[in-house]
Structures are given as structure tokens and as C-alpha cells.
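See structure below.
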Amino acid sequence: MTRLTISEDPGEEFTVRGHNTVLDADDDEVVFYSDVKEVKVVPERESFTIQVLTPAFAVEMDFSDADSVRDALVQFEAKKVLEVDFGTPNSVRITPSTSEMTEA
Numbered sequence: 869m870t871r872l873t874i875s876e877d878p879g880e881e882f883t884v885r886g887h888n889t890v891l892d893a894d895d896d897e898v899v900f901y902s903d904v905k906e907v908k909v910v911p912e913r914e915s916f917t918i919q920v921l922t923p924a925f926a927v928e929m930d931f932s933d934a935d936s937v938r939d940a941l942v943q944f945e946a947k948k949v950l951e952v953d954f955g956t957p958n959s960v961r962i963t964p965s966t967s968e969m970t971e972a
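Residue numbering for the sequence shown follows this note's numbering, starting at 869 and increasing by one per position.
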């Protein structure tokens, strides 16, 4: 599942290490909290997914249970997440937006 690195002090951005679904390879991105346009929680059959949408890409992070999702959302809202990383393969996915793919 997804691992979060937390800071005691709020920050302006966090890094994401995940699987780029277009490149089919691991990738890194920086997310500025001010760029986040929408956050959704999507219940899956055996997990929960937090979707973070920015103008450039979407990040999907899988969590094993509702308590983990609630804890993660509290940390994101407080801007205390420094890094998002995958604990299991493909548990963090990065999907470039359509405009980003046409510019590449």
C-alpha cells in the first residue's frame, strides 16, 4: 500500500514516487499544495483510493482501510506530507493530464 513521510512543520509541496501509467515506468513528481484542484476518495473492493487532481497530472494512492485514509487526509489537509511512496508495486499511480500528454 501507500507510505507517507510526515513532517512536523507544514510545507508547500510534497514529492510523489509512483508508477506512471502512460510511460509504464516508475516516476517522480512534485505536487504543490496550491496546485491541487480536487481530492476524492474512491472505495475499491479491497482497499480505498485517494485521488489528487492537479492541472498537470492525477495521483492515485491506495490504502488498506478507512482509518488509514482518514489519517492520510488529515495529514494532507495540514500540509504535513513530505513524500508519497509505494509500499507495494502500483499502489501509487501517476497519470499525466491529456494536455500534458499532447505537449510531450
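Just so it is clear, CB atoms sit at the ideal spot from N, CA and C, and this is done for glycine as well.
By DSSP, does residue i sit in helix, in strand, or in coil?
i: Val910; result: strand
i: Leu941; result: helix
i: Glu893; result: Looking at the sequence shown, residue 893 is not Glu but Ala. In this structure, Ala893 counts as strand in the three-state DSSP scheme.
i: Asp933; result: coil
i: Asp953; result: strand
Give me the Cα-Cα distance between residue i and residue j, rounded to the nearest whole angstrom.
i: Ala972; j: Asp933; result: Note that Ala972 scores 47 on pLDDT, short of 50, meaning its location in the model is unreliable and no value can be drawn from it.
i: Arg961; j: Glu945; result: 20 Å
i: Gln943; j: Val949; result: 6 Å
i: Ser965; j: Ile918; result: 17 Å
Could you tell me which residues DSSP pairs with residue i in its beta bridges?
i: Pro964; result: Phe925
Check this for me: beta carbons of residue i and residue j, under 9 Å apart or not?
i: Thr1022; j: Val898; result: Residue 1022 cannot be examined here, being either before or after the span of the chain that is shown, 869 to 972.
(message) Could you check whether the stretch 919-928 touches the stretch 884-903, counting it as contact only if at least three pairs of C-beta atoms, one from each stretch, sit closer than 8 Å?
(response) Three or more Cβ pairs drawn from the stretch 919-928 and the stretch 884-903 lie within less than 8 Å of each other, which places the two stretches in contact.
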